[in-house]
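Report on one structure; see the data block that follows.
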Amino acid sequence: MELLHRIEAKWQKAWEKAKIFEADPNPNQKKCFVTFPYSYANGPVHVGHAFTATRVDAYARFKRMQGHNVLFPWAWHWTGQTIVGASERVKLGDKQFIRALREIDGVLEEELKKFVDPVYMASYYTNENRRTIHQAGFSVDWRREFYTTMPAFNKFIEWQYKRLREKGYVIKGTHPVVWCPRCESPTGDHDRQEGEGVTPEEYTLIKFRYEDTYLPAATFRPETIYGVTNIWVNPDANYVEAEVDSEKWIISETSSNKLKEQKRKIVIIRCFKGKKLIGKSVASPIDGEPLPILPAIFVNVGNATGVVYSVPAHAPVDWLALRDLQRYPAILEKYSIDPTLVKNIRPIPMIHIEGFGQFPAIEVVEQLDVKDQCDPKVEKATKRLYKKEFHSGILKENCGNYTGRLVHDVKTDIVNDFKERNIADIMFDLPQPVIDKSLHQCIVKVLEGQWFIKYSDSKWKRKTKDALNQSTIYPETAASWFLSVIDWLRDKPCTRKSGLGTRLPWNREWIIETLSDSTIYMAFYTINKYIDQRGIEPSQLTPEVFDYIFSGKGSLRTVANKSKISNQLLKTMRDEFLYWYPVDMRNSAKELIPNHLTFFLFQHVALFAAEHWPKTIGVNGMLTIEGKKMGKSKGNFVTLRNAIEEYGADSTRCALLLGAEGMNDPDWRSENVQDVKNKLESFYRLAKIIINKAKDEKTGQLEDWLFSVLQNRVKVVTENMEMLKTRTALENAFFETWNDFRWYTRRKASMETSALLKAFNIWIRLLAPFAPHVCEEIWSKMNTKGFISLAKWPKYDRKKVNPIAEENEILIKSVLDDTSNIIRATKIKPKKVCYFTAAQWKWEIYQKALKISIEKGTVDKSYLMAEIFRDEKLKKQAEKAAKFASNIIEKINQMGRTRKTTLMMVGKLDEAMVLTNAKKFLEQELNAEIQIYIEDNPHRYDPKNRGKLAKPFKPAIYIE
RNA sequence: GCGGGGGUUUCCGAGCCUGGUCAAAGGAGCAAGGCUUAGGACCUUGUCGCGUAGGCGUUCGUGGGUUCAAAUCCCACCUCCCGCACCA
């Protein structure tokens, strides 16, 4: 343990001293700008952050070694309510919370006292976390560090919002929220006792004229108005006649209270029971036809207006309620309604769906055997039918302008048209009750004066899709997620009244909210170094300055004069921005796709030229701890600091990266991390042996093999790193390559060759992005110059690829495998093992078969035989040839194309020689005498006549 | 409900897009042997079943289908996880 920690501290210091991660523009070098979403300064960075950040760092280091000028900056997010809330909990003495701070975060008592100041708390964690990030070995250029409530950053955000507003992307509007009328505040998901996940739903109200008033019937399915037969109200509930804005409505009493919070002016005229309405009739807004108002107990006045219209052909509950009245006319007598009126009501079909007749609602009711309107099965019936009708229903010929269209296409059109014609309105309500933590019933309130980012803007969406298309997304499957988020996104409230952050420049009572002030800050990294070093005052950072730097607007001289920033400095900042931008790679966990990452795209599209839009976005899964979701309150939380202290930075980094890639969720298991640590330590020991013992200069086939397979490792690691497949890359760089080294030393029976050291020089560089400290330490012992962090990334060298050498080793491995398989099956203790390699004529047939198979896809026997007969020599032994041919055809046909081509390229292997060269090795492995013959050697030792079984790449074996 | 990602051999986890080299990489665990004879060190071998000759049989959520050939392609179903807004 001590060892790895010592090494890590040593190299972290050395890197810092040499400033090797400080990146400045260099026009002669290709740049690579990588970023990680800054973390909130409300707690310690944990291993989940570290997973994402390690991916970024490994990529940064990889690119740096490839010769790119890599910038990896870091910053801290202070914005928002969270830190303030945390600080308040300390102030209030929240025991559980404070305990977590002490025990998990390791905050000392004297510090804890100062946490009553949120700013102190944020700076505490910023300082702590900065140290941790250093200890993780992330290759960060710290000169560009900032936090989001810094005055200079405030200026940047002010510029951003000013410009967004000018472009029409920031608008003032109203917004429905779940609201507690007693607390007079929005009730977020976390503040709820009941109703988690419930959000306001928008109902369409269809207004039916009744005398000089309207009955606004609430529905989610306004298209069904073409099938309306009557109106339902609850006879026993309370209704009111009220003046709503400039109209008179009849609605439930509860809904009149709700509407007051939805920007409506309500004046109650009179109250009455629902039964007063029963038997009256309203006029259909479509054709003015009279429709009776009938009683239905399923009508819930707690829901929307408490008035619904009836579509018995398509709504099971409507059909059931109607059927109930038809079956039990006694109910009607109470309201003195003529039963024949109800008897005569016929459902009106208006939606066609495949597999159903005229009256789908009736069919569904019968299928499910729903008893009456109070049967719980009503819900199931409704859901089933609604889903079908919504997705595949087509409006019939009685649906006016909308005839022939799909329900799910036509819905919004209908609502808009009806609103325009003043026959529809809207109302918000909660589909399920929401109770807050203080046990108050919540309602929907439409907030006014809120500022929104207009992510609903269709032109903006389209442009953002362009940005998505011109960028690369890893893994590819995430792209479709982005696409659906872009489509789905609506206007986003971007301001709050409380918390830390930047004030809205034109309306200073509002603070720009967290997800809205962190969309383009990567641009700020490019210039912050100068603001810091050259002492630029925040007041000098006028919008014109940012315009000049980021968009090249205005003349240098004017902007410089006005801001009192020197021409030269301003120009340098502009150049630095132009050098680093766009962001080449931004990586985050997948949970940020539906918000941050998509906002990041939107905002770049809005504020930057297309050449500055993000190049690559990487996404990864979310870390779990020992199989469970990470959470401080659950005590299931591992800070990065603790992980590093226990296992070391390199082990932590490697264990994280080996956990998963793509969108899979990695799991942090202490057992695994410990294991990786052990592996790294033995890697270090192995390295020392290789370095110290290298002397034997002789090389041969085996060395050719080693360098040949290493080329493949280089290729695979490089390709996977390019695609951010960090797990595959590390797995190859570490384990697979290690296995190559094992085979080599086993075959060679020695670790003392200089070829091994030469090969190791490649290996260590492949591993450096992942375990930089250990690699740096080993590198320094290797008679090399400079840091491995800056060493050249190994290059795939085609010339070193040697298929014959590789095939030789495959032969030896497979001969060894076959032999031990026989030994296992027969339980012989071998004294003597004889190998018989295939005769020349077999090779000739084999080659012919291969060739045909490559050319035609498959070989068949007759074709192959025809080829064989063309050859005089083979013709003479046609019988043997035919037998052999049928023997190999199946196997060859089963081979993949690449394998076939490789074998073709390799041609005839001198197997006898290969085996003879490896004789000593085989003898040692099998602990037996080895003899090698060509199968037709008349002097061979072959008592059971096995020799004739020999095939190319598969010598025959005799064991005794 | 909408959207996204999964279900592989004891476990973790590749492979699936581009069907054959797949009884299926790699790691872990377990077992045996070696080395050392102290080690959470190292090296070999085995780890679905059967097998006295390198083989055979049965596997990749379930059920169908396409194909000479399917973990991989198509259809249906079952099932698990994640996100859904003003909250970071």
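To get the numbering used here, take the position in the first sequence, counting from 1, and add 888.
Just so it is clear, CB atoms sit at the ideal spot from N, CA and C, and this is done for glycine as well.
Bridge partners - residue i, DSSP secondary structure assignment
| i | result |
| --- | --- |
| D1317 | E1089 |
| A1040 | Note: A1040 sits in no beta bridge, so no partner. |
| A1106 | L1093 |
| A965 | According to the sequence shown, residue 965 is His rather than Ala. Bridge partners of H965: Y928. |
| R1158 | E1129 |
| W1137 | Y1102 and A1130 |
| S1198 | N1118 |
| P1183 | V1121 |
| L1283 | I1239 |
Coarse secondary structure for residue i, derived from DSSP in three states
| i | result |
| --- | --- |
| C1663 | helix |
| N1145 | helix |
| Y1013 | helix |
| W1681 | coil |
| L1388 | strand |
| E1082 | strand |
| I1740 | helix |
| I1113 | helix |
| H1827 | coil |
| G1061 | strand |
| K1268 | helix |
| T1540 | helix |
| K1687 | helix |
| D1005 | coil |
| I1716 | coil |
| W884 | Outside the shown range of the chain (889 to 1848) lies residue 884, about which nothing can therefore be said. |
| W1731 | helix |
| M889 | With a pLDDT of only 49 at M889, under 50, the local geometry of the prediction cannot be trusted, and the value read off the model is given with reservation. Coil, per DSSP. |
| S1169 | strand |
| G1288 | helix |
| K1779 | helix |
6 Å CB neighbourhood of residue i in its chain, flanking five on each side removed
| i | result |
| --- | --- |
| N1017 | V933 |
| D1079 | D1324 and K1325 |
| M889 | Confidence in M889 is poor, its pLDDT being 49 and thus under 50, which makes the residue's placement unreliable; the coordinate value appears in the next sentence. There are no such residues. |
| T967 | T1036, L1388, G1389, T1402 and D1405 |
| F1034 | A963, F1041 and N1416 |
Chain-order list of residues whose beta-carbon lies under 8 Å from that of residue i (same chain, five-residue window excluded)
| i | result |
| --- | --- |
| L1752 | I1733, K1736, A1737, I1740, A1773 and I1777 |
| K1683 | V1602 |
| L1458 | V1433, Y1436, I1437, L1444, V1447, A1448 and S1451 |
| E1811 | E1817 and I1818 |
Close beta carbons around residue i, own chain, < 7 Å, minus the five adjacent residues each side
| i | result |
| --- | --- |
| S1280 | I1241 and E1242 |
| R1557 | E1514 |
| I1156 | V1128, A1130 and S1144 |
| P1393 | E1046, Y1049 and K1050 |
| E1695 | V1794 and L1797 |
| R1272 | V1252 |
Near the ligand SAH: residue i beta-carbon under 7 Å from a heavy atom
| i | result |
| --- | --- |
| V1195 | With respect to small molecules bound, the structure shown includes none, and the ligand SAH cannot be examined in it. |
Any 3 or more C-beta pairs closer than 8 Å across the segment 1025–1045 and the segment 1549–1562: no
Beta strand (DSSP E) segments (min. 3 residues) lying fully within the segment 1202–1259: none
Every unbroken alpha helix (DSSP H) inside the segment 898–964 [4 residues or more]: 935–953
Every unbroken alpha helix (DSSP H) within the segment 1294–1362, with a cutoff of 4 residues, ordered by chain: 1295–1308 and 1346–1358
At least 3 beta-carbon pairs within less than 8 Å: the segment 1418–1435 vs the segment 1070–1077: no
Contiguous alpha helix (DSSP H) assignments of at least 4 residues, all confined to the segment 1456–1486: none
Segment contact flag, the segment 1334–1350 with the segment 1053–1067, C-beta cutoff 8 Å, min 3 pairs: yes
Minimum length 3: unbroken beta strand (DSSP E) runs contained in the segment 1787–1842: 1817–1822
At least 3 beta-carbon pairs within less than 8 Å: the segment 1111–1121 vs the segment 1146–1160: no
Three or more C-beta pairs below 8 Å linking the segment 1514–1534 and the segment 1636–1654: no
Contact the segment 1194–1205 vs the segment 1131–1142: 3+ CB pairs below 8 Å: yes
Whole runs of the alpha helix (DSSP H) within the segment 1593–1636, excluding any shorter than 4 residues: 1614–1619 and 1625–1636
Cβ contact (3+ pairs, closer than 8 Å) linking the segment 1699–1715 and the segment 975–989: no
Meets three-Cβ-pair contact criterion under 8 Å: the segment 1496–1512 and the segment 1465–1480: yes
Stretch-stretch touch, CB-based, cutoff 8 Å, three pairs: the segment 1259–1275 with the segment 1216–1231: no
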